[in-house]
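If you want the working numbering, it's the position in the sequence shown, counting the first as 1, plus 324.
Heads up, the beta-carbon is just placed ideally off N, CA and C, and yes, glycines get one too.
None of these values were measured; they are calculated from a predicted model.
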Amino acid sequence: MKPSNHNTEKVDATTRNLEKHRREIDRIDEKLLELMNRRLAIAKEIGKIKEHHKAAVIDTTRESHVIQRLFSLNQDGLLTQKALFQIFTAIIAASRGIQQVPFQTPSAKLLPSIFAVIGNPVSHSLSPMMHTSAFEVVGYNGLYLPLEVDDIGLAVSGLKALKFKGASITIPHKVSVMDFLDETDDMARKIKAVNTIVNRNGRLVGYNTDCSGAIRALSAKTTIKDKDVTVIGAGGAARAIGFGVKSEGGRLTIVNRSKENGEKLARDLDAAFIPLAEVHQLSCDILINTTSVGMTPHIDDIPLSKELLDNHMVVMDIVYNPLNTRLLSEAGKIGCTTVDGASMFIYQGAEQFELWTNIKAPVAIMKLAVLAALDERDKTGG
Ligand SMILES: NC(=O)c1ccc[n+]([C@@H]2O[C@H](COP(=O)([O-])OP(=O)(O)OC[C@H]3O[C@@H](n4cnc5c(N)ncnc54)[C@H](OP(=O)(O)O)[C@@H]3O)[C@@H](O)[C@H]2O)c1
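Dropping the structure here:
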């Protein structure tokens, strides 16, 4: 059947409209390209000034301020914070590239050092975005992959054979992975869990950075020594954090749903134990939730009654999805100091980065990467 004149005109109008939009996009792209080249030209000038004054080329504090300012300008934009973050870390990396000779040797530049997060599931892990941004911003030729793994023993052999430089280990492999490593750091051995592998000249060494990450996040807001600290939960994270609290000189109480798991952890850490169902009042300075209660999609859940909170407490939640959990929101309302789960996550990642690369971690950039990824998750419900 022949198209009617009316239909042909409609198709022509649509095509013209589409082409008009495409020409507009082409003009915008040209403008963006011109602006980016102008930006790089200025970065080159800055590079000369830095060289003259023997100042450091990489200034991740300044770079994180640049991105943070753009985040606040972009509140109502169509561009997601995650896309904005990725575009600007790439521009910053290009600027840095123009300012300095990369610190890695030419051969290291040719082949990237490979890293992975190994767990199951890992599709929602924020580690790839956090570490990839950190590599990019400091000019490290690293590649970081999410790997969903069932057989941890085979996976560890694979890491070795493929000369991975390191890996993050997550649920459910943090304990079982220890059987397959060449060596385990003292602290990880005491905690009985590994969340980080470092390949040291072909030997795979296990570390635990969950413990130090949590302590660093908490220490940014309060001291731990001689404080009464209650940890809710008795799983892997509770074990790492409880160990850290004891090492810092805190008085530890474990509160847990199952008596058996709670008593075992309390015994191992030489701590007190109270079953969750028997907590009718709380007398602690620091309260830390290490259970998954309150995590998306159950965002209205809270690990214990809000009536038990007191405004002198520092309240930390290691759940970071959502960032402002019901527990933190209730604690914030009555004036408690709060510590969110993203800070522990970022600090444990920063320590992994330093173990792998021997370069000071760009913590502020890593934080923005995690916040941008969480923002996108919030908006897309992912
Ligand atoms: N922010 C970070 O960097 C970071 C790092 C590690 C983990 N995490 C998060 O921390 C959470 C725990 O991780 P994990 O490795 O310790 O897990 P895990 O080993 O499975 O331990 C889970 C703990 O939560 C308790 N629990 C689970 N559901 C509960 C409920 N409905 N009511 C009361 N208690 C409940 C369990 O009690 P029972 O003993 O009674 O089963 C157990 O003590 C996860 O959400 C994980 O994503 C965050």
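Item	Value
Buried versus exposed call for N525 [16 or more other C-beta atoms within 10 Å across all chains shown]	exposed
Residues bridged to N613 (per DSSP)	I556 and D641
Residues near A517 in its chain [Cβ-Cβ closer than 7 Å; skip 5 each side]	K498, V499, N532, G560, R563 and A564
Candidates V381, T520 and T661: closest to T547 by CA position	T661
CB of V617 within 9 Å of CB of I626, strictly	yes
Spatial distance of A697 from L647 (CA atoms)	11 Å
Which residues DSSP lists as bridging E507, in chain order	V529
Cβ pair count under 8 Å reaching 3, the segment 665 to 673 against the segment 635 to 645	yes
Backbone CA spacing between N444 and S481 [nearest angstrom]	17 Å
Local conformation of Y468 per DSSP, three classes	strand
Every unbroken alpha helix (DSSP H) inside the segment 574 to 606 [4 residues or more]	583 to 593
Opening and closing residue of the alpha helix (DSSP H) in which A491 lies	From DSSP, A491 is part of no alpha helix (DSSP H) but of the beta strand (DSSP E) over G490 to I493.
Residue interval of the beta strand (DSSP E) (run including V663)	T661 to V663
Straight-line gap, R701 to L450 (C-alpha atoms, nearest Å)	10 Å
E678, buried or exposed, once every other Cβ within 10 Å from all chains shown has been counted against 16	exposed
Selected residue, minimal CA-CA separation from F504, among N341, V569, L434 and L478	L478
Beta-carbon proximity check, I521 vs L483, cutoff 9 Å	yes
Nearest-angstrom Cα separation, counted from L600 out to L628	8 Å
Coil, strand or helix - I349 by DSSP	helix
Spatially closest choice to D550 from G557, S536, K570 and C535, by CA coordinates	K570
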